[in-house]
Amino acid sequence: YNLKQYDKALAQYTKGLEKFPKNAMMLSFKGNAYLALADYKNATANYKASLENKENLLHEIEINPRFATATNADINRYYNSSLASIYSGLSDCYLNVGSLEEALNAINTALSLAPDVKDFEKETYFNRRGNIYLATEKYKLAWSDFNKSIELKNDYALAYVNRAIARVSLTDNVKKSTYRVAAKIANQPASFGWIVNDKASIKKSQDELLLALTDCNKAIELDKSLGFAYYVRGSIKEILGQKDFCIDILTAKKMGIEIDEHMLKICNQ
Numbered sequence: 001y002n003l004k005q006y007d008k009a010l011a012q013y014t015k016g017l018e019k020f021p022k023n024a025m026m027l028s029f030k031g032n033a034y035l036a037l038a039d040y041k042n043a044t045a046n047y048k049a050s051l052e053n054k055e056n057l058l059h060e061i062e063i064n065p066r067f068a069t070a071t072n073a074d075i076n077r078y079y080n081s082s083l084a085s086i087y088s089g090l091s092d093c094y095l096n097v098g099s100l101e102e103a104l105n106a107i108n109t110a111l112s113l114a115p116d117v118k119d120f121e122k123e124t125y126f127n128r129r130g131n132i133y134l135a136t137e138k139y140k141l142a143w144s145d146f147n148k149s150i151e152l153k154n155d156y157a158l159a160y161v162n163r164a165i166a167r168v169s170l171t172d173n174v175k176k177s178t179y180r181v182a183a184k185i186a187n188q189p190a191s192f193g194w195i196v197n198d199k200a201s202i203k204k205s206q207d208e209l210l211l212a213l214t215d216c217n218k219a220i221e222l223d224k225s226l227g228f229a230y231y232v233r234g235s236i237k238e239i240l241g242q243k244d245f246c247i248d249i250l251t252a253k254k255m256g257i258e259i260d261e262h263m264l265k266i267c268n269q
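At position 186 of the sequence shown the residue is numbered 186 (my numbering), and the sequence of numbers has no breaks.
Here it is as structure tokens:
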């Protein structure tokens, strides 16, 4: 699995589960492999099976030689973090098939279990919930979650881009026209767009739009390979009337980001 040979990993997990069909940890690993292959149906089934056997998970941790000298507190922390990871994967599956309410419930459970330790990557959980809030047009909640994500990891490029989207979506006279989640970039919209109701009144929102632009600049500074950041920055530049917006849009396209036909037509593509 760590080598990204997911089919081989699935074969190993399947073989192991023939011998130990209620092994919760192995079921969750199998769910992870299916998720990596974007097979959300089978990933969901394995995550649910793992949760149905969560009592076994605690025992599996207790008998693992790795935890031979661990305290009860350490074991419980690892147990909760393992459950959080399973619920997070389940949320990922639901989000990618558009089951937003189920995705939100799962990530809320994950966050309630997730430990406050540096190496757990809890910032990704807030980022995912923020994306769910974006998709359901709860922009203030989305903005708050992206802030939390950045507070936990101030070099998390995706959270800056997403906060930029939340900022723009909260401004007056800018309305969402499209928003579609896809798997090309984990939990990021494959396409989105904004409709500007009155370009003349954009000046009233200029400060907030410039803050959104700053977020995109920060994301690109942190990760120059993040095509999604160029896409969002180009979209914001277009709203602001900055003439170089097509440079960002076409850079994003070269990086494999899906650009809507209207935007490509504007950029003579």
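We put the beta carbon where it would ideally sit given N, CA and C, even for glycine.
- prompt: Looking at the unbroken alpha helix (DSSP H) that takes in Ile132, where does it start and where does it end?
  reply: Indexing the sequence shown from 1 puts residue 132 at position 132. That run of the alpha helix (DSSP H) goes Lys122 to Ala135.
query: In whole angstroms, what separates the C-alpha of Glu55 from that of Asn154?
result: The sequence position of residue 55 within the sequence shown is 55, counting from 1. The sequence position of residue 154 within the sequence shown is 154, counting from 1. Straight-line Cα distance between these residues: approximately 36 Å.
query: With a CB to CB cut of under 6 Å and the five nearest residues on each side skipped, what residues in its chain are close to Ala9?
result: The count along the sequence shown starts at 1 and reaches residue 9 at position 9. Cβ within range, chain order: Tyr1 and Ala33.
- request: For the region 34-105, list the alpha helix (DSSP H) runs that are entirely contained and at least 4 residues long, ordered along the chain.
  value: 40-52, 54-62 and 72-96
- prompt: Which residue comes first and which comes last in the alpha helix (DSSP H) that contains Gly227?
  reply: For the purposes of this step, residue 227 is identified with residue 227 of the sequence shown, where counting begins at 1. Per DSSP, Gly227 belongs to the alpha helix (DSSP H) from Gly227 to Leu240.
- prompt: If you compare alpha carbons, which of Lys140, Leu209, Glu137 and Phe146 is closest to Thr124?
  reply: Start at 1 with the first residue of the sequence shown, and residue 124 comes out as number 124. Checked all of Lys140, Leu209, Glu137 and Phe146; the closest Cα to Thr124 is Phe146.
query: Any contact of the region 250-257 with the region 214-221, i.e. 3+ C-beta pairs under 8 Å?
result: no
- prompt: Terminal residues of the continuous alpha helix (DSSP H) containing Gly256?
  reply: In the sequence shown, residue 256 corresponds to position 256, counting from 1. No alpha helix (DSSP H) holds Gly256; DSSP gives it neither H nor E.
query: Around the C-beta of Leu3, are 16 or more other C-beta atoms found within 10 angstroms, so that it is buried, or is it exposed?
result: Taking the first residue of the sequence shown as position 1, residue 3 is located at position 3. Exposed, because fewer than 16 other Cβ atoms sit within 10 Å of the Cβ of Leu3.
- prompt: Mapping DSSP to helix, strand and coil, what is Asp119?
  reply: On the sequence shown, residue 119 is found 119 positions in, with the first residue counted as 1. Note: Asp119 maps to helix in three-state DSSP.
query: If you pair each beta-carbon of the region 128-142 with each one of the region 66-79, do three or more pairs fall below 8 Å?
result: no
message: Out of Lys15, Leu152, Ala142 and Ile150, which one is the CA nearest neighbour of Ile165?
response: In the sequence shown, counting from the first residue as 1, residue 165 sits at position 165. The shortest Cα separation from Ile165 among Lys15, Leu152, Ala142 and Ile150 belongs to Ala142.
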